[in-house]
Each structure stands twice: as C-alpha cells, then as structure tokens.
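J.: In our numbering, the protein residues as written are 429 to 625. Glycine included, each C-beta is placed from N, C-alpha and C at the ideal position.
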Ligand code: SF4
C-alpha cells in the first residue's frame, strides 16, 4: 500500500491509463511531448500564488489542499469564492468533453477543500483552453464514490504487477510515455490486436 499522500495530478494519470500511472508514479519515468509542453505553457500565468478580485468574486490561485481521510494532496489551479460559495477551478489545454480523468482530479480537489473548510462543495469548473469554455462538473454522489474508488485503486497499485497497455489507440498516440511504454509492440508480442481504437 502506498503510504505517502497521493498527488491529485497522479489521480488524473491513473484514470487516463493505469499503466501510465505505474510508469510515472511507481517507476519515476517521465517524458514530454507537445501536449505536455503546451499544457505547461498555458499554466505559466496561473502558476503563482495570488488573489484576484473580480466584482463579488475572489479568486485565489494555486491553492494547496489535502485530505487526511483520503490520503491525497495537491494544488488546485484556482478557487473562486462568491458569497461564501467555494468553486474549485482547473485549467486544461484540450477541448470540452467528458474527460473522466479531469472530473476525478477536480472532484478529489473538491473533497480536499470540503475537509479543509468544513463547507459543502457542490461543483467545480474546468476551463478548456482550446474552445475557451468553462464546463461545470457537479460533485454528485456517483462521481464522489467513483473518485474515491479510483483513489483507493491507485493507492494499492504497488500490490499488483504493472498493468498491461490500454486498448485505446488514440490515448496512446497522445501519451508522452509511448516510447517508454511501447504499447503497440507489447500488445503485438502478447498476441493481441494492437490496432483497436
Ligand atoms: S502509451 Fe498507452 S498504454 Fe502506454 S502509458 Fe501511455 S496511454 Fe498507457
């Protein structure tokens, strides 16, 4: 069982692909590609601890949060406060869609914020840079349970062998660890069809 607090960003990696999580978090592998570099570039303006006032809304950037109950910790890109209501906000470079990995990371951040403040966080928002839209994500009971299940699964990853490559070719093509993971080669050698979508 992993004993340190699981970083929120690695929960995102777990949901994207458990093998990627294993390579990055368990084995310390790292590689950049254009998606990573673009994501870092887009974060350059929010990677500082600052407080911005926009009318009734107070925006606190780069908020460090953690949950002792769930043993997770990390930085939320921003937390907006309006009339006492807190809304965690994450910035992502892609397009608005149902990216469950982003939802899990945001929900986990919301769970941390609830534990730290004692307030109920009803929803968070993800700003997708490609289409400049903010997507609200409700922290439903179903999402909370799924997020907590993913946290528990990621935290026990060290008790299982490295997961096999996933079968979603598009994810692998966008993954910076492809040259380390060799998903198509591994699946080919194991006799699987490596061209599944
Ligand atoms: S290349 Fe594919 S299987 Fe390998 S770590 Fe990346 S997403 Fe996972």
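Please list, in chain order, all residues with a C-beta atom less than 5 Å from at least one heavy atom of ligand 1.
T.: Those residues are 445, 447, 448, 593, 594, 599, 600, 603, 605, 606, 609 and 611, given in chain order.
J.: Taking the alpha carbon of residue 549 as the reference point, which residue from 568, 574 and 561 has its own alpha carbon closest?
T.: Working through the chain shown from its first residue, we reach residue 549 at position 121. Answer by Cα proximity: 568.
J.: Suppose the cutoff is 7 Å on Cβ atoms and the five residues either side in sequence are ignored; what does the same chain contact list for residue 519 look like?
T.: By 1-based counting over the chain shown, the position of residue 519 is 91. Answer for residue 519: 470, 471, 474, 505, 555 and 557, listed in chain order.
J.: For residue 608, which three-state DSSP category applies?
T.: In the chain shown, residue 608 corresponds to position 180, counting from 1. If DSSP states are grouped into helix, strand and coil, residue 608 belongs with the helices.
J.: Check whether the region 451-461 touches the region 527-545, counting contact only when three or more Cβ pairs, one atom from each stretch, lie closer than 8 Å.
T.: The region 451-461, when compared against the region 527-545, does not touch it at the 8 Å Cβ threshold.
J.: Classify residue 437 as buried or exposed, calling it buried when 16 or more other Cβ atoms lie within 10 Å of its own Cβ.
T.: In the chain shown, the residue the question calls residue 437 occupies position 9. Burial call: exposed.
J.: For residue 551, report the span of its beta strand (DSSP E) as first-last.
T.: Within the chain shown, the letter at position 123 stands for residue 551. Residue 551 -> beta strand (DSSP E) spans 551-556.
J.: Confirm, please, whether the CB-CB distance from residue 486 to residue 509 is below 8 Å.
T.: Sequence index remark: in the chain shown, residue 509 carries index 81 (1-based). Sequence index remark: in the chain shown, residue 486 carries index 58 (1-based). Contact flag set, yes.
J.: Output needed for residue 608: all residues of its chain with C-beta closer than 7 Å, excluding positions within five of it in sequence on either side, in chain order.
T.: Position 180 of the chain shown, counted from the first residue, corresponds to residue 608. Excluding positions up to five away in sequence, the list reads 451, 457 and 459.
J.: Report the residue ranges of all beta strand (DSSP E) runs contained in full by the region 499-541; include only those spanning at least 3 residues, in chain order.
T.: Qualifying beta strand (DSSP E) stretches, in chain order: 500-510 and 513-520.
J.: Determine the DSSP secondary structure at residue 446, reduced to helix, strand or coil.
T.: Taking the chain shown and counting its residues from 1, one reaches residue 446 at position 18. Residue state, collapsed to three classes: helix.
J.: Hey, could you find the ends of the beta strand (DSSP E) residue 588 is sitting in?
T.: For the purposes of this step, residue 588 is taken as residue 160 along the chain shown, with counting starting at 1. No beta strand (DSSP E) contains residue 588, which DSSP labels as neither H nor E.
J.: Excluding the 5 residues flanking residue 606 on each side, which residues of the same chain have their C-beta closer than 7 Å to its C-beta?
T.: Indexing the chain shown from 1 puts residue 606 at position 178. These residues qualify, in order along the chain: 600.
J.: Give me the residue from 515, 511 and 616 with the minimum Cα distance to residue 491.
T.: Within the chain shown, residue 491 is the residue found at index 63, counting from 1. Residue 515 is the option with its Cα nearest to residue 491.
J.: Quick one, are the C-beta atoms of residue 445 and residue 579 less than 8 Å apart?
T.: Reading the chain shown from its first residue, position 17 is the one you call residue 445. Reading the chain shown from its first residue, position 151 is the one you call residue 579. Not closer than 8 Å, so no.
J.: Among all the DSSP beta bridges, which residues are the ones paired with residue 566?
T.: Here the question's residue 566 lines up with position 138 in the chain shown. DSSP, once it has assigned bridges, lists 551 as partnering residue 566.
J.: State the DSSP-derived secondary structure class of residue 594, mapped to helix, strand or coil.
T.: Residue mapping note: residue 594 aligns to position 166 of the chain shown, counting from 1. Three-state DSSP puts residue 594 in coil, outside helix and strand.
J.: Please list the terminal residues of the continuous alpha helix (DSSP H) segment that includes residue 482.
T.: Position 54 of the chain shown, counted from the first residue, corresponds to residue 482. Premise fails: residue 482 lies in the beta strand (DSSP E), 479-482, not in any alpha helix (DSSP H).
J.: Starting from residue 466, trace the alpha helix (DSSP H) both ways and give me its first and last residue.
T.: Here residue 466 refers to the residue found at position 38 of the chain shown. Unbroken alpha helix (DSSP H) run through residue 466: 462-470.
J.: When you compare only the Cα positions, how much space is there between residue 493 and residue 429?
T.: By 1-based counting over the chain shown, the position of residue 493 is 65. By 1-based counting over the chain shown, the position of residue 429 is 1. Distance between the alpha carbons of residue 493 and residue 429: 22 Å.
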